[in-house]
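Take a look at the structure below.
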Amino acid sequence: MTRDQMFSHLRAANDVAHEAAAHGHHPFGCVLVGPDDRILMRQGNINTVRHAETELSRRAAEAYPPEFLWSCTLVSTGEPCAMCTGTLYWANIGRLVYGFEETKLLALTGDHAGNPTMNLSSRTVLGSGQKQVEVHGPFPEMEEELLAPHIGFWQR
């Protein structure tokens, strides 16, 4: 996947995040991209335990064989939390692309009860496993755009 393709898919995931926020959910979104660069699935956040990346990974694992998912990419607006990263790992999705680091989100959410962030990077979680999931991100040049749905959301 080229950098331009990653940016395009990050923008598609951000559209999903805006849709989630419009429906009263936390503004997170992600997409599953197949080996042919087509978006196969989209998912927004549902609630504090049904995160976008976890739900997408579960749905993908039910819809596709593990060998196929290894050739796919989960693209998320923000760095997935430990739960989401673990679910991506167990679903056998071979690549992760994310736009902004979890630490950037923490700066916006503070100690918000709806998002008690963990200081545990996705690379650390994946590095603890037995398979090499490829990780791309963050992309500082896209942070402002991808964090926009979060501005003001966590202060409500």
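So the sequence shown is numbered by UniProt numbering: it starts at 1 and just counts up by one.
For every residue, glycine included, the Cβ atom is placed at its ideal position computed from N, Cα and C.
Please read these numbers as outputs of a predicted model, since none were measured by experiment.
- Between F100 and L146, the C-beta gap is smaller than 7 Å, which places the two residues in contact.
- Going by DSSP, C84 is part of the alpha helix (DSSP H) stretching over 82-91.
- For L40, the uninterrupted beta strand (DSSP E) segment begins and ends at 39-44.
- Around the Cβ of N47, a 10 Å sphere holds fewer than 16 other Cβ atoms; the residue is exposed.
- The alpha carbon of M118 has as its nearest neighbour, out of V135, A82, E141, the alpha carbon of A82.
- Judged by DSSP secondary structure, H136 falls within the beta strand (DSSP E) whose first and last residues are 134-136.
- Distance from the CA atom of A63 to the CA atom of M142, rounded to whole angstroms, is 31 Å.
- For L74, the enclosing beta strand (DSSP E) starts and ends at 73-78.
- The criterion of a C-beta distance shorter than 7 Å is not satisfied by L105 and A91.
- Residue environment analysis places Q43 among the buried positions, since at least 16 neighbouring C-beta atoms fall within 10 angstroms of its C-beta.
- A17 and H9 have their alpha carbons spaced roughly 12 Å apart.
- Shown here for R95: same chain residues with a beta carbon closer than 6 Å to its own, the five before and five after excluded, namely T73, E134 in chain order.
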